[in-house]
Amino acid sequence: MTGYSLHRPLPVAEVPGWDFETDVAVIGFGASGACAALEAARGGASVTLFEMGSGSGGASALSGGEIYIGGGSDVQRDAGFTDTPEALAAYLKLAGGPDADAAKCDLYASQSLAHFEWLKAQGVPYKGTFVPGKIIEPATDDTLIWSGSEEAWPFHETAKPAPRGHVIQYEGWGGGRKLVDILERNVREAGVDVRTDARVVSLVADGAAVVGLVVRIDNRDHFVRAGATVICSGGFCMNQDMIRRYAPEALRLNNPIGENDNGSGILMGMGAGGDAIHMDQFFTTCPWIMPESLVKGIFVNRNGQRFINEDCYHGRVSRTMIDQPGDKVYLLVDNAIFARPIELAQIDIAAVGETWEEVERELGLPEDTLSATVRTFNRYAAEGHDPVWHKAPQWLKVLDEGPFAALELNFATSYFSFFTLGGLSTLPGGEVLDRAGEPVPGLFAAGRATSGLPRWGHGYSSGMSLADCTFFGRQAGMGAAAAVRTTKAREPA
Numbered sequence: 181m182t183g184y185s186l187h188r189p190l191p192v193a194e195v196p197g198w199d200f201e202t203d204v205a206v207i208g209f210g211a212s213g214a215c216a217a218l219e220a221a222r223g224g225a226s227v228t229l230f231e232m233g234s235g236s237g238g239a240s241a242l243s244g245g246e247i248y249i250g251g252g253s254d255v256q257r258d259a260g261f262t263d264t265p266e267a268l269a270a271y272l273k274l275a276g277g278p279d280a281d282a283a284k285c286d287l288y289a290s291q292s293l294a295h296f297e298w299l300k301a302q303g304v305p306y307k308g309t310f311v312p313g314k315i316i317e318p319a320t321d322d323t324l325i326w327s328g329s330e331e332a333w334p335f336h337e338t339a340k341p342a343p344r345g346h347v348i349q350y351e352g353w354g355g356g357r358k359l360v361d362i363l364e365r366n367v368r369e370a371g372v373d374v375r376t377d378a379r380v381v382s383l384v385a386d387g388a389a390v391v392g393l394v395v396r397i398d399n400r401d402h403f404v405r406a407g408a409t410v411i412c413s414g415g416f417c418m419n420q421d422m423i424r425r426y427a428p429e430a431l432r433l434n435n436p437i438g439e440n441d442n443g444s445g446i447l448m449g450m451g452a453g454g455d456a457i458h459m460d461q462f463f464t465t466c467p468w469i470m471p472e473s474l475v476k477g478i479f480v481n482r483n484g485q486r487f488i489n490e491d492c493y494h495g496r497v498s499r500t501m502i503d504q505p506g507d508k509v510y511l512l513v514d515n516a517i518f519a520r521p522i523e524l525a526q527i528d529i530a531a532v533g534e535t536w537e538e539v540e541r542e543l544g545l546p547e548d549t550l551s552a553t554v555r556t557f558n559r560y561a562a563e564g565h566d567p568v569w570h571k572a573p574q575w576l577k578v579l580d581e582g583p584f585a586a587l588e589l590n591f592a593t594s595y596f597s598f599f600t601l602g603g604l605s606t607l608p609g610g611e612v613l614d615r616a617g618e619p620v621p622g623l624f625a626a627g628r629a630t631s632g633l634p635r636w637g638h639g640y641s642s643g644m645s646l647a648d649c650t651f652f653g654r655q656a657g658m659g660a661a662a663a664v665r666t667t668k669a670r671e672p673a
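For the sequence shown, the residue numbers in my numbering are 181 to 673.
(1) Go through its chain and collect everything with a Cβ distance to residue 233's Cβ below 8 Å, but skip five positions before and after it.
(2) For residue 407 and residue 370, I'd like the C-alpha separation in whole angstroms.
(3) Take the Cβ of residue 420 as the centre, count every other Cβ of all protein chains shown within 10 Å, and call the residue buried at 16 or more, exposed below.
(4) DSSP three-state call for residue 382: helix, strand or coil?
(5) Return yes when the Cβ of residue 619 is within less than 8 Å of the Cβ of residue 385, no when it is not.
(6) Check the C-beta distance from residue 214 over to residue 367 and give it rounded, since I have them as a contact under 8 Å.
(7) Are there three or more Cβ pairs, one per stretch, closer than 8 Å when the region 271-281 is compared with the region 628-640?
(8) Could you check how far apart the C-beta atoms of residue 539 and residue 586 are, in whole angstroms? I think they sit under 8 Å.
(9) Evaluate residue 568 with the Cβ neighbour count: other Cβ atoms within 10 Å of its Cβ, from every protein chain shown; 16 or more gives buried, anything less gives exposed.
(10) For residue 478, report the span of its beta strand (DSSP E) as first-last.
(11) Roughly how many angstroms separate the alpha carbons of residue 472 and residue 206, rounded to a whole number?
(12) Are there any heavy atoms of the ligand SAH lying less than 7 Å away from the beta-carbon of residue 318, as far as the coordinates show?
(13) Given a threshold of 16 other Cβ atoms within 10 Å of its Cβ, counted over all protein chains shown, does residue 185 qualify as buried or as exposed?
(14) Rounded to a whole number of angstroms, what is the C-alpha to C-alpha distance between residue 535 and residue 596?
(15) Which one of 488, 220 and 498 has the shortest CA to CA distance from residue 570?
(16) Determine the extent of the beta strand (DSSP E) in which residue 510 is found, giving its start and end residues.
(17) Within a Cβ cutoff of 8 Å, which residues of the same chain sit near residue 649, ignoring the five residues on either side of it in sequence?
(18) What's the C-alpha gap between residue 564 and residue 478?
(19) Looking at the structure shown, is residue 743 part of a helix, part of a strand, or coil, going by DSSP?
(20) What are the boundary residues of the alpha helix (DSSP H) that includes residue 219?
(21) Can you list, in chain order, the residues of its chain with a C-beta nearer than 6 Å to that of residue 496? Leave out the 5 residues immediately preceding and following it.
(22) For residue 597, does the three-state DSSP call read helix, strand or coil?
(23) Taking residue 583 as the reference, give the member of 262, 574, 557 and 517 with the closest Cα.
This is how it looks when you write it as structure tokens:
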């Protein structure tokens, strides 16, 4: 037998014998894997789900349980907001960056409300109430929040703003675990064969087609024949070699959000001929917006230059920080808006002064750099506008009430959480595409193992990952079950 690995599928001719068979094999038991398995089983397929850990979870279980839903949900309407599928699609395309997947954006926008109803039908609870202001996750069990850059420039110029973060009813942060538990219950009730402590080490290929997988259980490799395989194993933020190779800018950050996000599924898909795209993209954020009075400050880099409208989504602001020279940025505030950031953020005071020139000198910046930036900002803020970065008027404040301070956000020591956004190229139905843009027979993928709705770190909004993995996990599961039915229909009686 020739060697097989994540990078090299095992030729089917070398399989010594099948240990068991299944119509659809799903790799990974996070939200995307659960949704894929659930829809495949409900589509009439026998489904086996393999999870390398000892239970369900993944990055989904570490999340806040927030899903980006729009188009006019009952919660949006009850809170007095008007939204349309067209506005949602427009925002998703802006947030997806220069290579947004228009087909996925349009499909999700058109079916977002139906997907919300599907989630509720699975037993996912929503209180139905709105929380105003800039927050990361509700500390209460409320539902609707502003979770992106909807109201900020340049997004509001193209897409009519509306809050779209729909959070599971859960007291405090971390509702993702509850979401995954609910999906797991449905998966097991649907009769899915769940195998935990089962690590997939290779795919099995018959020419260009994927026809099975090799799973290591109890230190022995088992050979599994599958009519279709769905990769839902997450991104690669826990794999330093892949970060170094594909997304080296993320090496500046030390707080990956993941459980077993080692990129194994992406590597297996690539080994089977799949194309991986946007592998340099990642999301990051530092929770600097709490308390929200700090949003009225301005950020400068080590050259004393402003680089973003600070009223954008905290993740967009944080990702743009990483583009700046050096290893830190400063948030400039005056006494009127100063407040200590939450302890989690690990943001320190770098300089204080009675004038902005004193702050500039204490930071060791060249004369008339930072102070000139503040003078320019203050001049226009006094007039009620920001022609440089277009910060919204409600977040503008002349920074003229001393003493003044510079808060330091250090990429190495402040809390910048991150995860990857690149992955396998897929159709909206979950089919993995090769480099020629053709589907790899028998292979599907969903969630962070793919480059999905969220594929641009500068445009990410909270809830997009769970929207992507639950909705397109469902599509992949339905597509895999349909592919198996088609194959069986072609077989001789």
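No residue lacks a Cβ here, since even glycine has one placed at the ideal position from N, Cα and C.
For this structure:
(1) 209, 376, 377, 439 and 440
(2) 19 Å
(3) exposed
(4) strand
(5) no
(6) 5 Å
(7) yes
(8) 5 Å
(9) exposed
(10) 478-480
(11) 42 Å
(12) By its list of ligands, the structure shown contains no ligand whatsoever, and the ligand SAH lies outside what it can speak to.
(13) exposed
(14) 30 Å
(15) 488
(16) 508-514
(17) 210, 211, 212, 215, 240, 412, 626, 627, 628 and 632
(18) 15 Å
(19) The first residue shown for the chain is 181 and the last is 673, placing residue 743 beyond what the model contains.
(20) 211-222
(21) 329 and 638
(22) strand
(23) 517
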